[in-house]
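Each remark here refers to the structure printed beneath this line.
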Amino acid sequence: MSTNSTTTARNTVRINIINKNLFCQGIKDCGILEANGDIMQYIYCMKQKIHYVCSQCGHAEPKWLGRCPECGNWNTLREAEKQTGGSVKKTGTNLTTVPLFSVQKKEDMRFDCGNEEINRVLGGGIMKGSAILIGGEPGIGKSTLMLQLSSSIKTNGRILYISGEESPAQLKMHADRLGIKKATIEVFPETEISAINTVLDRVNPVLVIVDSIQTIIDHELGIVAGSVNQIKYCSQELIEWVKTRSAALFLIGHVTKEGSIAGPKIIEHMVDTVLSFETADNDIRFLRTNKNRFGSSDEIGIFKMSESGLVPVKNAATLFLEQRAGELPPGIAITPLYEGSRVLLVEIQCLVIPAKGGVSRVFSDRIDARMVSKAAAVLEKHLNIRLTDYDIYVNVAGGLQVKEVGVELPLCLALYSARLSVPLPHATAICGEVSLAGEIRTIKRLDLRVKTASELGFSSILGPQVEEKNSIKDAEYKGYASLKEAVLSIFKRRQQ
Ligand code: TYD
Ligand code: MG
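Counted the way my numbering counts, the sequence shown spans residues 1 to 496.
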């Protein structure tokens, strides 16, 4: 048996499972029943060194188990060596602390993307030394967005597009379709992390795009790319590289509706910014910020997928309005939503019909069905109308997912309007939060909502009561203390 890997020094035992088995067999073959000091030392070290790591989620256990207690997968625990080195001092580490007030602010900390929408979503450009994860369903346009960014970004440095999915010829076709001619974009069709690290050191790019992180692999961790361990480890390697060079990294990650593939969620805590790319009606794409260490985390960029790629949408405020002349149909309310740093006028559509079989159901996939049920309950309790025997359908024109509480008042009024078949007044925008007690609460950036709605031709805005009336002067503003007060005021006039 080879003993070169089995020295008995406490901190230097390096042995793999095959050598360990041979070693133990050797001890038995030699008839050694009582271990001598060296062997005891070896066994002690082995006890300290070996543990079992789940190949799916990276969970570690001191003993082998058939099922990982963390992710629940069977037969995924593999023997692994513990990384000791707690006593190893890092050489070359600067141990001095710096008073915060004396830290010099650096100019040019961000790259200008050359694209207003992407700049806004990232908080004013790409922070140098940052890692950005962009997730979205396959085919939504992630590669298109990254190629366009590679072309528009304002830098003379080299840009490296690491492609594990498309060949250079396929990417060239993609780039030709987008009219990209920039000479500093280089393609590296590789998935092996050590090869990627070598090329990164040689090329020294300022922008690195990895398409996609699910294809990148370290063969020492296994032969299957896309496992949790592979994604975590390879991401860590890439993030460390850009952090130490002030370059920027985009990691593309596919997510599926079923979530069957290990998604990019598992590396959200490792990156600085998490963007999600979502689709809506009419080829509209939303680029949302879910996390951003260097900017607002609720920003939204809006694009339209065209023949020549993703085009930023200029008239976003009116994008989600149906063009209607004259009166609104019953069940329709228009609301100014505060999305990111701007206001979008959005049409809420409700339909209320008698329930089949007597069981009331809510069909709403763009506003949380629980919010719709709450609105219906508040209407039943405080306005004395019956919705229990009715099916409720709710839609948001244009396919926008609405989460903010400012939609509660227009939702309640649209439901009321649909139930009684009485339309809401036209050219009226409505916003406000509704409490369970039926009060209308104020919402953030009410002034900006009113200003945007009035600029877009809405002559009347209905919402919560405001103390400083002078701050809202661009349109006729009516504030109400309660839902009952609002309903009585609006619908009494309509029914007369
Ligand atoms: P792609 O960026 O390859 O998606 P992902 O990387 O998220 O999988 O985009 C694929 C889709 O985009 C494909 O259906 C074709 C469409 N597309 C356009 O409509 N216009 C274009 O200019 C380009 C390049 C793609
Ligand atoms: Mg792609």
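Virtual Cβ for every residue (Gly too), placed ideally from N, Cα, C.
No experiment lies behind these values; they were computed from the predicted model shown.
Cβ-based neighbour list, residue i, same chain, cut-off 6 Å, excluding 5 preceding and 5 following
| i | result |
| --- | --- |
| ILE461 | ALA429, VAL450, ALA453, ALA475, TYR477 |
| VAL394 | CYS350, SER364, ILE367, VAL372 |
| GLY37 | In this predicted model, GLY37 has a pLDDT of only 45, less than 50, meaning its place in the structure is not dependable; the value taken from the coordinates is given anyway. Closer than 6 Å at Cβ, skipping near neighbours: no residue. |
Per-residue DSSP class, three states only, for residue i
| i | result |
| --- | --- |
| SER459 | coil |
| VAL224 | coil |
| SER435 | coil |
| MET146 | helix |
| PHE277 | strand |
| CYS54 | strand |
| THR335 | strand |
| VAL206 | coil |
| LYS174 | The amino acid occupying residue 174 in the given sequence is His; Lys does not appear at that position. HIS174 falls in the helix class under three-state DSSP. |
| GLN349 | strand |
| VAL121 | helix |
| LEU287 | strand |
| ARG419 | helix |
| GLU498 | Limits of the chain in this structure are 1 at one end and 496 at the other, which puts residue 498 out of reach. |
| PRO264 | helix |
| ASN395 | strand |
| PHE181 | For the sequence presented, residue 181 should be read as Lys rather than Phe. Reduced to three states, the DSSP call for LYS181 is coil. |
| GLY259 | Any reading at GLY259 must be qualified, since the residue scores a pLDDT of 46, below 50, and its modelled position is unreliable; the value itself is stated next. GLY259 falls in the coil class under three-state DSSP. |
| SER167 | coil |
| ALA317 | helix |
Separation of residue j from residue i, as counted between CA atoms
| i | j | result |
| --- | --- | --- |
| ALA369 | PHE363 | 7 Å |
| GLU439 | HIS382 | 10 Å |
| THR191 | SER163 | 8 Å |
| VAL121 | ALA427 | 31 Å |
| ILE507 | ALA376 | No information on residue 507 is available, as it lies outside the stretch 1 to 496 that the chain covers here. |
| LYS256 | CYS54 | The question names Lys, yet the displayed sequence has Thr at residue 256. In a straight line, the C-alpha of THR256 is about 23 Å away from that of CYS54. |
| LYS182 | GLY157 | 11 Å |
| ALA80 | GLN56 | 14 Å |
| ALA481 | SER360 | 30 Å |
| SER308 | SER373 | 42 Å |
| ILE239 | ASP365 | 36 Å |
| PHE508 | GLY58 | With the chain represented from 1 up to 496, any question about residue 508 goes unanswered, as that position is not in the structure. |
| ARG245 | LYS63 | 40 Å |
| ASN16 | CYS71 | Residue placement at ASN16 is flagged as unreliable, the pLDDT there being 40, under the threshold of 50; the coordinate-derived value follows with that caveat. Going from the Cα of ASN16 to the Cα of CYS71 covers about 26 Å. |
| PRO498 | LEU65 | The structure shown does not extend to residue 498, since the chain is modelled only from 1 to 496, so the question has no answer here. |
| SER194 | VAL274 | 25 Å |
| THR442 | GLY340 | 18 Å |
| GLY357 | ASP389 | 9 Å |
| VAL396 | ILE300 | 17 Å |
Test item: CB-CB of residue i and residue j under 7 Å
| i | j | result |
| --- | --- | --- |
| PHE188 | ILE153 | no |
| VAL208 | LEU178 | no |
| GLU347 | ILE367 | no |
| SER276 | GLY463 | no |
| SER533 | ILE185 | Absent from the structure is residue 533, since the part of the chain shown begins at 1 and ends at 496. |
| TRP241 | LEU287 | no |
| ALA325 | GLY398 | no |
| LYS304 | ASP283 | yes |
| MET270 | SER297 | no |
| GLU467 | VAL434 | no |
| GLY331 | ALA414 | yes |
| THR155 | VAL210 | no |
| LEU133 | PRO264 | yes |
| LEU147 | ALA175 | yes |
| GLU116 | PRO354 | no |
| GLY432 | ASN292 | no |
| PRO423 | GLU327 | yes |
The ligand TYD heavy atom lying under 6 Å from the CB of residue i
| i | result |
| --- | --- |
| LYS142 | yes |
| ARG177 | yes |
| MET173 | no |
| MET371 | no |
| PRO312 | no |
| PRO138 | yes |
| GLY66 | no |
| GLY270 | First, the residue type needs correcting, since residue 270 is Met and not Gly in the sequence shown. No, Cβ of MET270 sits at least 6 Å from all heavy atoms of the ligand TYD. |
| GLY309 | yes |
| MET109 | no |
| MET305 | yes |
Cut-off 8 Å between Cβ atoms - residues of its own chain near residue i, not counting five sequence neighbours on either side
| i | result |
| --- | --- |
| THR318 | LEU345, LEU456 |
| ILE385 | LEU379, TYR416, ARG419, LEU420 |
| ALA316 | ILE302, ARG342, LEU344 |
Contacting residues, own chain, Cβ-Cβ under 7 Å from residue i (five flanking each side not counted)
| i | result |
| --- | --- |
| LEU221 | ASN229, GLN230, TYR233 |
| ILE261 | Below a pLDDT of 50, predicted positions are generally treated as unreliable, and ILE261, at 45, falls in that range; the measurement from the model is reported next regardless. If we look at ILE261 and ignore the five residues flanking it on each side, its Cβ neighbours are GLN214, GLY226, HIS254. |
| GLY479 | GLY463, PRO464, GLN465, VAL466 |
| ARG445 | TYR338 |
| PHE565 | Look at the range of the chain in this structure, 1 to 496, and you will see that residue 565 is not part of it. |
| TRP74 | GLY66, ARG67 |
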